[in-house]
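So the working numbering is basically just the index in the sequence shown, starting at one, shifted up by 600.
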Amino acid sequence: MQIGYARVSTLDQNLDLQIDALNQAGCKKIFQEKITGTKLKREQLQNAIDYLRAGDVLVIWKLDRLGRSLKDLLLIVNELNQKEIGLKSLHENIDTTTPTGKLIFHIFASLAEFEKDVIKERTNAGLKAARARGRVGGRPKKLTNKQLTLLKTLHQDKNTSLSDISNILGISKKTIYNYLNS
Numbered sequence: 601m602q603i604g605y606a607r608v609s610t611l612d613q614n615l616d617l618q619i620d621a622l623n624q625a626g627c628k629k630i631f632q633e634k635i636t637g638t639k640l641k642r643e644q645l646q647n648a649i650d651y652l653r654a655g656d657v658l659v660i661w662k663l664d665r666l667g668r669s670l671k672d673l674l675l676i677v678n679e680l681n682q683k684e685i686g687l688k689s690l691h692e693n694i695d696t697t698t699p700t701g702k703l704i705f706h707i708f709a710s711l712a713e714f715e716k717d718v719i720k721e722r723t724n725a726g727l728k729a730a731r732a733r734g735r736v737g738g739r740p741k742k743l744t745n746k747q748l749t750l751l752k753t754l755h756q757d758k759n760t761s762l763s764d765i766s767n768i769l770g771i772s773k774k775t776i777y778n779y780l781n782s
């Protein structure tokens with residue numbers, strides 16, 4: 601028996617495309633989840649795995665719907681293998697009930713992990729190059745140097761309260777504390 605699992609990462613995303621594809625693939629039951637793939641506890645995925653019996657096949661739309669990392673995918677596929685349950689990914693055309701499908705799964709999973717690592721490496725290199733050119737990341741400072749001087753002057757005046765300083769500069773008390781403590 602083929603059982604489907606559909607997942608989107610946020611509540612405002614739609615499962616319809618995945619559900620239609622899983623129905624067309626002949627799934628008798630479809631477990632649906634709206635939760636990020638980075639969460640370790642995916643209740644509906646676990647319900648689907650618990651529902652499946654030896655000889656059944658878990659059908660998914662894409663590999664990234666099942667797990668976000670190679671390690672995560674391999675753990676899930678290993679659990680399925682131990683229960684003698686197959687995995688079928690419609691988008692990648694992978695079916696682990698066949699020897700070729702098992703091989704292709706491992707190749708695709710490795711390539712996905714490699715792509716993630718390359719993107720991470722490029723991002724870090726870009727940030728490093730930007731810092732070398734003097735660019736600073738993060739949020740811009742709330743206060744100019746002139747405003748910072750005024751803040752310090754007002755703070756030294758014991759007659760001026762933090763609320764008054766906050767109103768004069770248009771910033772929160774928390775921001776004032778952050779500047780005074782830095």
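We treat Cβ as the ideally placed atom computed from N, Cα and C, and that holds for glycine. Here the structure is a predicted model, which means the values were calculated and not measured.
Contact under 8 Å by Cβ, residue i with residue j
i    : j    : result
L687 : T698 : no
A654 : I685 : yes
R668 : A606 : no
L743 : L751 : yes
Residue i - containing alpha helix (DSSP H), residue span
i    : result
G701 : P699 to A732
K746 : N745 to Q756
A648 : E643 to Y651
Residue i in three-state terms, based on DSSP
i    : result
V635 : The displayed chain sequence assigns Ile, not Val, to residue 635. In this structure, I635 counts as coil in the three-state DSSP scheme.
R665 : helix
D695 : strand
L611 : coil
A621 : helix
I676 : helix
Residue i: first and last residue of the uninterrupted beta strand (DSSP E) it sits in
i    : result
L687 : G686 to S689
L658 : V657 to I660
Can you confirm whether the segment 613-633 touches the segment 658-667 when touching is taken to mean that 3 or more C-beta pairs between the two stretches lie within less than 8 Å? yes
Say whether the segment 731-741 touches the segment 704-713, bearing in mind that this needs 3 or more beta-carbon pairs closer than 8 Å, one atom from each stretch. no
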